[in-house]
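Protein chains in written order, with the working numbering: chain A, 1 to 359; chain B, 1001 to 1359; chain C, 2001 to 2359; chain D, 3001 to 3359. Reviewing the structure listed below.
Protein chains: 4
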Amino acid sequence: MTKTPVAVLGATGAVGQTFVRLLADHPWFELAAVAASERSTGKTYRDATRWIEGAMPDAAARMLVQPCDPMLVKAPIVFSALDASVAGDIEPRFAEAGAFVLSNAKNFRMEPDVPLVVPEVNGEHLSLIAAQRVARGWPGAIVTNANCAATVAAMALAPLHQRYQLRRLFVATMQAVSGAGYPGVASLDILGNVIPYIGEEEPKIERELPKLLGRNAGWGIEPASFTVSALANRVAVEHGHTAVMAMEFATKPAVAEALETLRAWRGMDDVAGLPSAPRPPLQVFDQPDRPQPRRDVQAGNGMTVSVGRVREDPQFHLRMVAMGHNTIRGAAGGSILNAELLMARGLFPAHHIPLTTHR
Amino acid sequence: MTKTPVAVLGATGAVGQTFVRLLADHPWFELAAVAASERSTGKTYRDATRWIEGAMPDAAARMLVQPCDPMLVKAPIVFSALDASVAGDIEPRFAEAGAFVLSNAKNFRMEPDVPLVVPEVNGEHLSLIAAQRVARGWPGAIVTNANCAATVAAMALAPLHQRYQLRRLFVATMQAVSGAGYPGVASLDILGNVIPYIGEEEPKIERELPKLLGRNAGWGIEPASFTVSALANRVAVEHGHTAVMAMEFATKPAVAEALETLRAWRGMDDVAGLPSAPRPPLQVFDQPDRPQPRRDVQAGNGMTVSVGRVREDPQFHLRMVAMGHNTIRGAAGGSILNAELLMARGLFPAHHIPLTTHR
Amino acid sequence: MTKTPVAVLGATGAVGQTFVRLLADHPWFELAAVAASERSTGKTYRDATRWIEGAMPDAAARMLVQPCDPMLVKAPIVFSALDASVAGDIEPRFAEAGAFVLSNAKNFRMEPDVPLVVPEVNGEHLSLIAAQRVARGWPGAIVTNANCAATVAAMALAPLHQRYQLRRLFVATMQAVSGAGYPGVASLDILGNVIPYIGEEEPKIERELPKLLGRNAGWGIEPASFTVSALANRVAVEHGHTAVMAMEFATKPAVAEALETLRAWRGMDDVAGLPSAPRPPLQVFDQPDRPQPRRDVQAGNGMTVSVGRVREDPQFHLRMVAMGHNTIRGAAGGSILNAELLMARGLFPAHHIPLTTHR
Amino acid sequence: MTKTPVAVLGATGAVGQTFVRLLADHPWFELAAVAASERSTGKTYRDATRWIEGAMPDAAARMLVQPCDPMLVKAPIVFSALDASVAGDIEPRFAEAGAFVLSNAKNFRMEPDVPLVVPEVNGEHLSLIAAQRVARGWPGAIVTNANCAATVAAMALAPLHQRYQLRRLFVATMQAVSGAGYPGVASLDILGNVIPYIGEEEPKIERELPKLLGRNAGWGIEPASFTVSALANRVAVEHGHTAVMAMEFATKPAVAEALETLRAWRGMDDVAGLPSAPRPPLQVFDQPDRPQPRRDVQAGNGMTVSVGRVREDPQFHLRMVAMGHNTIRGAAGGSILNAELLMARGLFPAHHIPLTTHR
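Okay, structure coming up:
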């Protein structure tokens, strides 16, 4: 089968590396270019990268790092792991040049015409791009995925919200150091420690969750009508964000019913068969002490979100714990699943699909 | 000055060791006996104990471990670090024999005639023991201190509750491994991990906080009229429980006013001058990323509770972070401060105070 | 293909769990029984086990745990993860009853007629069992694998010893907590700490290495004529023992030549194609800061040993670093590879090979 | 008493911060200036510093950070925590301007006329500065302290070398992350990991130890005639370098005798009474599992070196473990002790001692 060429922007950073690793054997996509800041361009990817994953894929290792310039990086699908400080400039240039940009940056997430998508949860929001392309005059488009902690919470909340309608949410997070990139958190700051603060994280969680669980009203996304308080913390975990939550709904669910709802949930119909989609999207634990990041983060190759400790709350209706892989489900893997869904839905313009790829 | 002899029950465990260390140079108390289970009796304290603190105090090291029997351990003040599985039997026998028992076990905390005390917060609850001694016919008494996480939260909540009256509270905790004793949490369970569960911890926090912040109505403690949801988690921290909280009050405080209230708070008047009382009881941070257990846990020799990130909450009124030393402020140090307050108030019967101690 | 039924003794412990996981999809072996101490017998494996790996294999989960009795556990191949305190009694009873026992316990490792085998290194030592069976009158046999740290070191030393003959060795180890079993090392002992002591570990490394690299002289193993000093340490690593070594040989190798020798090494000829054998057995790094346990321990599904930092030594000839997975390569995986080699060589008696297995 | 004003160069880094903390209540010295790179100058020390110790001393917090220029920073004693990349230029300029520079940088350590001093071990090397000042025409001088791991090893080796004469040494180190400064080691690199490499560390240990234990021959230091192999590793420890060593001497000591020698050692006579000198300089453990960094690093306020596991070695004579605080004993505290010794010996020129200090 002919694969679609894709590029990764910001390929040398932590999330960029996860993209490169996940794309190495992808059945539909073929890594055609890696791009990064000027400091890296012109070097091989091997030389430009302080690789922190297991073994660097050979094909990527030999590529020359390109500048983040759509004139030089010509792929119909572009995964962006760019820092927010540059994504605002670079991503639109790629969309303007015709690329579909799957972005992890926060810059465009809350724009009314930009879909913020966790496929199983709100894959139907992708249709926003039609209006986006018209309004902005772009042959391409920008699709964003959500903040990593918001993504994990949204996956666990979606089945319950769809059935009982969430009204109020408290969520406290314990987030892995890989969420801060590389080198990111200094070991002197986190060994044997908790940092009860992550810059700008709480507002992201609070505003992205209602959009993620909102309704595509045609003219845009009508955010879900619940309120959120987020309390974000950094802990000495490598990968895997844990969210402990208390939830109030329009209708109070019994615990057993909520568990059943979570277990039965499969997410959007047409997502389940995609190459990166875990089946089922959630794993639900009965053991009181699960999920745990170290033990459960690799479930579904990092794409499954784990849920447990569903129980009554003394003030709201229910409490539960959700945990998921922040750089896979909450970043690179989520973007790739978005791209797969775009292709599967034919939202990806036909003329972009290449007849052949040359390896 | 003549010191009052004291004994430690459960002296070989983690909290017992903290007692022994803190009592080594106490200005008012002198460690006269160490007691533990049959497995340890008859050995020297040095031989019976897998010591996990810095250096074992010499005097304690040479003591023979006694059985937990009031006929053999005759001290007017007895600090109990006993496990809940045996505290229910042993502690009353000491009270019956005339000792004042300062207990860390959960067994009697919620009894109507047993004070549950964090001195700066509710030192006036100690007067309950008069009725307790009459009702139970004990020449001695039992005074309990609270769950370690509840203690840390209560210290930070007290100033705000006293002024604005707490109505609703969400608290998520990130608790240190020393809270589970020694050997306690296996390294394979917690290295690079979070365990979103601590057995029986959440109900303790939820029921103890209203009693701690309640009013001594003479006939007993009238619990404060707020509700609590607790979400307790274990993290890879040695010492120091962190609690992130969202609070709703009868009257909404402005953030600046709340900060001022926290900073101005000195707790019960007659506690401030006691040997183990930190001055002030709270340290309040402006930096957004403090308190942190590793950096702040030793403040005030482990007796100061650190507070930070006081800010608005999107749903309730305020959010904040509190952190304190779980085996000092939340256990052994708290018990010792309770005993100091008993002595300072003269609640400790005169005939118990020895004329001389023989070293 | 018909699979050979196998049993695991000590199946509920940490190494026992690794056996159960590795055997779940083994192409030649089928887990037919799990056995453990009386505390566990009669329960399902799920109920008897505090499972610390990812997800428990379903088939094993439903098995009833058997006592470690050859009358009840009838499998031709028995993997033993028994503690040394009981292995000395139980393992011979299985051999006497006709089983081939693949043992991780230290008890029989240094017996003259018991092979101590790391297959790639000294697979030819397996032929010792012929004499063992005659001498002991056993229809079965005992084959041991080596101490986990000795195994990692032996794999890295073998190619160099075979070519240059090792004469003197200093080895300092930094060993993972999983080497102490579960619950094993208390988190209060190792978080942010190093323990420069592991009970009985240094003598094991010092006596096992010469036997592992020794010559099968027909009448027994002639130990290699080098001396060893081991300095064993525990560090806060989950899996993966790291050994830093200084080596003196009969002939001094140039660094480049030593690297070439390590890279070219394939181990015993007939091991390479076995199901659990990694290809190649060693991965050799040029980067100065590799191998590292967290990044390299999973290479070859935990069976590859990683080597790096080959350089001159100011006093001996060379220095290098070796790292491998202690509970896979150094324990369960090593035993399974031994069993595969026994089968492939036909050392496993024909009448033991079942015609069919019933699932 | 009038205190001598001192300055700290490189005051905002990790070692610089340790200097500032240790000098806050020093009985002889008064912190008069903090200096750092241009990025920090003109700011208050509070604003310029990402403070990673407990609480910043108030007096320092309010100081304006100065440039590292002897025209602006006029103190007779200057502690240098400068990076090696700039120390080579800056330190001589201060010596030329008349300051006594106590340096932690590697630049001048191996110069024949520059003392490399651990006071208890080789305080008599300080007299080298007379020649240094003549030869270089400096009114001031440069005195260096050793690499942090070499310092810890030298303290433990000195008593044995003085009595039995060391001939050969293998030393493997497990070094704390604070040795790499701040931010230093990324948490993604070290959580649950070992890095068997520290850039340039092994040659430093190998060349500095013979100088530290060498003899002041008047014309310069005659290095001790032993050889060293160092194998340096980074582990997930905050503070405290652990060194495991195998030693061969001219005369083989019995273990009991070696222990006695270590216990009896008091170091240079005139060091013992200095304000920062621990008494005794070594603490020697009998327990097999000590010293440990987390439990023993604070001994003697971080100035005591802990020794244990003295035992026979199968190849050399003895093995042992040494552990000490890398940023206190191995850096800032060691420099301060050097300055105290200079003053106590009167090597510090009289005209530099101020009559009064103005706060």
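Cβ atoms here follow ideal geometry from the backbone N, Cα and C, with glycine treated the same way.
For T3242(D), there is no enclosing alpha helix (DSSP H); the enclosing beta strand (DSSP E) covers residues H3241 to F3249. Counting the other Cβ atoms within 10 Å of the Cβ of D1189(B) gives 16 or more, which makes it buried. If only uninterrupted alpha helix (DSSP H) runs of at least 4 residues are considered, those enclosed by the region 33–89 of chain A are 45–48 and 58–62. Per DSSP, reduced to three states, the secondary structure at L9(A) is strand. Of the candidates G3218(D), N3193(D), R3311(D) and L3262(D), the residue whose Cα lies closest to the Cα of R3234(D) is N3193(D). Under the three-state reduction of DSSP output, A1232(B) falls in the strand class. Scanning chain B for C-beta atoms nearer than 8 Å to the C-beta of D270(A) yields nothing, as the closest lies near 33 Å away. Taking one beta carbon from each stretch, the region 1195–1208 of chain B and the region 2061–2078 of chain C have fewer than 3 pairs nearer than 8 Å; the two do not touch.
Beta-bridge annotation (DSSP): F29(A) is paired with T4(A). Taken through DSSP and simplified to helix, strand or coil, N2301(C) comes out as helix. Contact note: A1186(B) reaches chain C through Y2182, P2183, G2184, V2185, A2186 and S2187, using a C-beta cutoff of 8 Å and chain order. Under the three-state reduction of DSSP output, G1324(B) falls in the strand class. With a threshold of 9 Å between beta carbons, R329(A) makes no contact with chain C.
Between R2167(C) and T2227(C), the C-beta gap is smaller than 9 Å, which places the two residues in contact. For Q1283(B), the enclosing beta strand (DSSP E) covers residues L1282 to V1284. Straight through space, the alpha carbons of S40(A) and F3094(D) are spaced by roughly 39 Å. Taking 9 Å as the threshold, the shortest C-beta distance from D2047(C) to chain D does not fall below it.
As the crow flies, the alpha-carbon of G240(A) is around 39 Å from that of P3203(D). Going by beta carbons, L1126(B) and N1338(B) fall inside the 9 Å limit.
Of all residues in the region 3164–3180 of chain D, those with a C-beta nearer than 9 Å to a C-beta of chain A are V3177, S3178 and A3180, reading in chain order. Excluding the 5 residues flanking it on each side, A1048(B) has same chain C-beta neighbours closer than 6 Å at T1012, S1040 and V1065, in chain order. Comparing alpha-carbon positions, the option among A36(A), V6(A) and E257(A) lying closest to L23(A) turns out to be V6(A). Selection P1092(B), R1050(B), Q1283(B) and R1266(B) evaluated against V1307(B) yields Q1283(B) as nearest (Cα-Cα). The CB of G2192(C) comes closer than 7 Å to the CB of L191 and G192 in chain A, given here in chain order. Residue contact with chain C for P3057(D): absent (no Cβ-Cβ distance below 9 Å to any residue of chain C). In summary, W3138(D) is buried, with 16 or more beta-carbon neighbours lying within 10 Å of its beta-carbon over all protein chains present. Cβ-Cβ distances below 7 Å link D1296(B) to R1290, S1306 and M1323 in the same chain, with the five nearest sequence neighbours on each side left out; the list follows chain order. In the three-state DSSP reduction, I129(A) falls in the helix class (H, G or I).
In the assembly as shown, K2252(C) is an exposed residue. Its beta-carbon has fewer than 16 other beta-carbons within 10 Å. Put simply, the CB of E2111(C) is far from chain B, with every gap to its CB atoms at 9 Å or more. Using a Cβ distance threshold of 9 Å, N2326(C) and S2103(C) do not count as a contacting pair.
Identification of chain D residues near G1054(B) by a Cβ-Cβ cut-off of 9 Å yields R3295, D3296, Q3298 and A3299, ordered along the chain. Looking at L3128(D), A3131(D) and P3076(D), the one whose alpha-carbon comes closest to that of L3031(D) is P3076(D). At a cut-off of 9 Å between beta-carbon atoms, A3014(D) makes contact with chain A.
Within a 10 Å sphere around the beta-carbon of A1035(B) sit 16 or more other beta-carbons, which makes this residue buried.
Annotation: D2025(C) to Q315(A) spans about 47 Å, alpha carbon to alpha carbon.
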